[in-house]
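Enquirer: Numbers 130 to 268, taken from the working numbering, label the letters of the sequence shown in order. Just so it is clear, CB atoms sit at the ideal spot from N, CA and C, and this is done for glycine as well.
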Amino acid sequence: MYILKTQASFDSAHFLSGYNGKCANIHGHHWIVEVEVSQEKLIEGGEKRGMVIDFGDLKKAVRRLCDSYDHALIHEVGTLRPETIAAFDSEGFRRIEISCRPTAENFAKLFYEELTRQGLPVSRVTVYETPDNCACYEV
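(1) I'd like to know whether the C-beta atoms of Ala264 and Val251 end up nearer to each other than 7 Å.
(2) So what's Ile172 in DSSP terms, helix, strand or just coil?
(3) Tell me whether Cys229 sits in a helix, a strand or coil according to DSSP, three-state version.
(4) Bridge partners of His159, per DSSP?
(5) Is it a yes or a no for the stretch 198-210 touching the stretch 222-239, going by three-plus beta-carbon pairs under 8 Å?
(6) Would you say Cys229 reaches chain C, if we count a Cβ-Cβ gap shorter than 7 Å as a contact?
(7) Assign His156 to buried or exposed, taking buried as 16 or more other Cβ atoms, counted over all protein chains shown, within 10 Å of its Cβ.
(8) In terms of alpha-carbon separation, which member of Arg246, Asp218, Phe144 and Glu176 lies closest to Tyr158?
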């Protein structure tokens, strides 16, 4: 099995609604997203012969995904009151609503799903919320 790995990062804020602890408050992270792709065989012909995937294509896809979350408040749908959303929006703050709790575990799965939808042979996504703490998703 051939495995390639690349990473990109983004900075964002989130909070864990209903959590009994400090993470219930809005706080930020420098998230690092590590993506592994794997294949049994290398590409046999053309300019990409001998590769699993072109590193440039892989890096571009991961960077584009991370850029889409960069410098935003990421929150679960239904966790902010309409007036809070209106206040954030009127101030021009960038918000991203997602359908799940914004945890490292859920980000790993979301990013895995998005990259596989793009046709990448993703085998594992690891999301670091701190240098020492990460969550992985693989199938």
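Expert: With the structure as the only source:
(1) Taking the first residue of the sequence shown as 1, we reach residue 264 at position 135. Taking the first residue of the sequence shown as 1, we reach residue 251 at position 122. Not in contact: Ala264 and Val251 (Cβ atoms no closer than 7 Å).
(2) Working through the sequence shown from its first residue, we reach residue 172 at position 43. It is coil, neither helix nor strand.
(3) Here residue 229 is taken as the residue at index 100 of the sequence shown, counted from 1. In this structure, DSSP gives Cys229 a state outside helix and strand, which the three-state scheme calls coil.
(4) Taking the sequence shown and counting its residues from 1, one reaches residue 159 at position 30. DSSP lists Asp140 as partners of His159.
(5) yes
(6) Absence of chain C from the displayed structure is noted, only one protein chain being present.
(7) One-based indexing of the sequence shown puts residue 156 at position 27. Per the 10 Å Cβ criterion, exposed.
(8) Here residue 158 refers to the residue found at position 29 of the sequence shown. According to the sequence provided, residue 158 is His. The question's Tyr does not apply to it. Ranking Arg246, Asp218, Phe144 and Glu176 by Cα distance to His158 puts Phe144 first.
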